[in-house]
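Numbering (my numbering), first residue to last: 60 to 493. We put the CB at the ideal spot given by N, CA and C, even for glycine. What follows is one structure encoded as structure tokens, with my remarks underneath.
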Amino acid sequence: MNTQHYSRHLATLMERYQQALEATGYDQVVISAGSLVMVAEDDRAYPFTPRAYAQQWLPYDVLPDTFIVFTPGDKPRLLWPARQDFWHITPTEPTGDWTGMWHLQPATRLDDWLPSLTGRTAWIGPEHPALAQNKPGLEINPAALTSALAYTRAYKTDFEVDCLAEANVRAVRGHRAARDAFFSGQSEAGVYRDYLAASGQLESTEPYSGIIALNESAATLHYERRSFDVPATHRTLLIDAGAKVNGYASDITRTHTTDTGRFAELLAGVDALQQDINAAIKPGVKMTDLHRITQAGIAGLLNHHKLCSLSVDEQLSKNIPRAFYPHGLGHLLGLHVHDVGGHQQSVQGDVRNDPENPFLRLTRTLEEGMVITIEPGLYFIPMLLNKLINAEPAHGLNLALIEQLKPFGGVRIEDNIVVTGNGHRNLTREAFGD
Ligand code: GLY
Ligand code: MN
Ligand code: MN
Numbered sequence: 060m061n062t063q064h065y066s067r068h069l070a071t072l073m074e075r076y077q078q079a080l081e082a083t084g085y086d087q088v089v090i091s092a093g094s095l096v097m098v099a100e101d102d103r104a105y106p107f108t109p110r111a112y113a114q115q116w117l118p119y120d121v122l123p124d125t126f127i128v129f130t131p132g133d134k135p136r137l138l139w140p141a142r143q144d145f146w147h148i149t150p151t152e153p154t155g156d157w158t159g160m161w162h163l164q165p166a167t168r169l170d171d172w173l174p175s176l177t178g179r180t181a182w183i184g185p186e187h188p189a190l191a192q193n194k195p196g197l198e199i200n201p202a203a204l205t206s207a208l209a210y211t212r213a214y215k216t217d218f219e220v221d222c223l224a225e226a227n228v229r230a231v232r233g234h235r236a237a238r239d240a241f242f243s244g245q246s247e248a249g250v251y252r253d254y255l256a257a258s259g260q261l262e263s264t265e266p267y268s269g270i271i272a273l274n275e276s277a278a279t280l281h282y283e284r285r286s287f288d289v290p291a292t293h294r295t296l297l298i299d300a301g302a303k304v305n306g307y308a309s310d311i312t313r314t315h316t317t318d319t320g321r322f323a324e325l326l327a328g329v330d331a332l333q334q335d336i337n338a339a340i341k342p343g344v345k346m347t348d349l350h351r352i353t354q355a356g357i358a359g360l361l362n363h364h365k366l367c368s369l370s371v372d373e374q375l376s377k378n379i380p381r382a383f384y385p386h387g388l389g390h391l392l393g394l395h396v397h398d399v400g401g402h403q404q405s406v407q408g409d410v411r412n413d414p415e416n417p418f419l420r421l422t423r424t425l426e427e428g429m430v431i432t433i434e435p436g437l438y439f440i441p442m443l444l445n446k447l448i449n450a451e452p453a454h455g456l457n458l459a460l461i462e463q464l465k466p467f468g469g470v471r472i473e474d475n476i477v478v479t480g481n482g483h484r485n486l487t488r489e490a491f492g493d
């Protein structure tokens, strides 16, 4: 870890919190990482994901029952869970250069430290059963505070960009192994196993459930099954899978094919379109504009590859590209894969959706420090195609060619991109060495 980057990250976070606390009238804030959630009537827990507001402060994977107390003017206090337990691994005191920037305090019970906090206090995180009796009057997740913090999470510090870059490097190791597994004829489960092994992950530690879709299954946008059945032929692999570093996620999609004809040409076309869109990324650009340019690009591909005889403008006026590309161009990326604040237009929390493109998760104008995904796709989704054909008789579609291409499912290409002062940095293509 680059300690200087972390130190500046912590200073930035303290400044943001100080401003937000002052603006909302709180003297301090407690940030909870959350606790394990047990399966009903059983003695095992669901996989744990710490609350992002807590994870953002710390350069390691935060454990359940960790709390942070921040009072402006003082170092932040880390209450780490010093549990006594012989059934489970017990946490040890965090170590590293960075700990000098904190007050570290072992804590097992809320009662030991919460009642001693004075002043108007906000609590961010899930409610704790012991809260009411320990600190009545505590304000839980006040919206004015959380919306200011969510808004600023879009601007990544150098430390956060380091984590996101490393998360790309890790995921790309997996993507390479997955590609080899596909071309050696493995099942979805086999491809997934090789992805996890090469990226050094367990299913429970992925930032989101990796999508491993063979053949026509590539047309299901978030395909969840990982079948052990080996298909008779391997036409397509669409893999959308990431990795996590200190909680920060990568979110990468690649599509591979054994085809050498029309589907391979379409794949190359989507890849070229994706790179054209990437090239336009810089501060001041509107994601809503890029999304519309991408829709026009998809219409251009449909026309060029003789899937639709209508011109780009005619297709757009009839919403034809949306049947082939029904999702948004991308989203903010960070501690959440679909990071918070994508529709938020100010610290106050006012939101703006794109009514024409409700699935677009990012309507903010791009600014330096934002990290986003760019993920155009072109799919053969029977449900949407049938709807379009029924609703628009003058569709101009080449139905015979579409039938030939349905068994390939579709294409998506997704990169993770940092908006820099005057352009962008593509973390994904950098990790692939493209
Ligand atoms: N992996 C989910 C997404 O690309 O948005
Ligand atoms: Mn993805
Ligand atoms: Mn994505």
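For residue i, three-class secondary structure by DSSP
i, result
"L437", "strand"
"Q136", "Looking at the sequence shown, residue 136 is not Gln but Arg. In this structure, R136 counts as strand in the three-state DSSP scheme."
"V329", "helix"
"I340", "coil"
"V399", "coil"
"N305", "coil"
"N416", "coil"
"L391", "strand"
"H483", "strand"
"V371", "helix"
"D240", "According to the sequence provided, residue 240 is Ala. The question's Asp does not apply to it. Three-state DSSP puts A240 in a helix."
"A453", "coil"
"M97", "strand"
"T264", "helix"
"V121", "coil"
"V289", "coil"
"V410", "strand"
Endpoints, the beta strand (DSSP E) within which residue i is located
i, result
"V478", "D474 to V478"
"Q87", "Q87 to S91"
"N362", "That residue, N362, is in no beta strand (DSSP E); its alpha helix (DSSP H) goes M346 to H363."
"A111", "Note, A111: premise wrong, no beta strand (DSSP E); alpha helix (DSSP H) at A111 to Q114."
"V128", "F126 to F129"
"I270", "I270 to L273"
"A300", "T295 to A300"
"V470", "G469 to R471"
Candidates the options, of which the one nearest residue i by Cα
i, options, result
"R471", "F218, Q77, G196 and L273", "L273"
"S268", "M442, Y384 and A230", "A230"
"G196", "G301, K215, L173 and A203", "L173"
"S376", "L349, A79 and A453", "A453"
"D221", "N485, D493 and G492", "N485"
"A213", "K446, P466 and Q404", "Q404"
"H390", "I352, Q374 and M429", "M429"
"L137", "F383, T279, G387 and A92", "A92"
"T314", "A308, H293, N305 and V304", "H293"
"T479", "P414, G343, K465 and G469", "G343"
"D133", "M60, A339 and A70", "A70"
"T149", "L80, L122 and D299", "L122"
"L280", "N227, Y438 and F242", "Y438"
"L190", "I298, V89 and T154", "V89"
"Y40", "P414, L392, I271 and Y384", "In the structure as shown, the chain begins at 60 and stops at 493. Residue 40 is therefore absent and cannot be evaluated."
"L326", "Q354, K303 and L360", "L360"
"H64", "N378, V98 and L117", "L117"
"A207", "G401, G249 and H397", "G401"
"V421", "Q407, H386, I448 and G436", "For the sequence presented, residue 421 should be read as Leu rather than Val. Measuring from the Cα of L421, the nearest candidate turns out to be H386."
"A181", "A79, K446, R235 and T216", "A79"
"L460", "V406, H364 and E451", "H364"
Residue i - containing alpha helix (DSSP H), residue span
i, result
"Q143", "Here Q143 belongs to no alpha helix (DSSP H), and DSSP marks it neither H nor E."
"P380", "P380 to F383"
"T314", "Taken as a continuous stretch (DSSP letters only), T314 belongs to no alpha helix (DSSP H), being part of the beta strand (DSSP E) at I311 to T316."
"S252", "The question names Ser, but residue 252 in the sequence shown is Arg. Counting along the chain, the alpha helix (DSSP H) containing R252 begins and ends at E247 to S258."
"E74", "T62 to T83"
"E462", "L458 to L464"
Could you give the uninterrupted runs of the beta strand (DSSP E) lying entirely in the segment 145 to 223, keeping only those of 3 residues or more?
Entirely contained in the segment 145 to 223, the beta strand (DSSP E) runs reaching 3 residues are, in chain order, 162 to 166 and 180 to 183.
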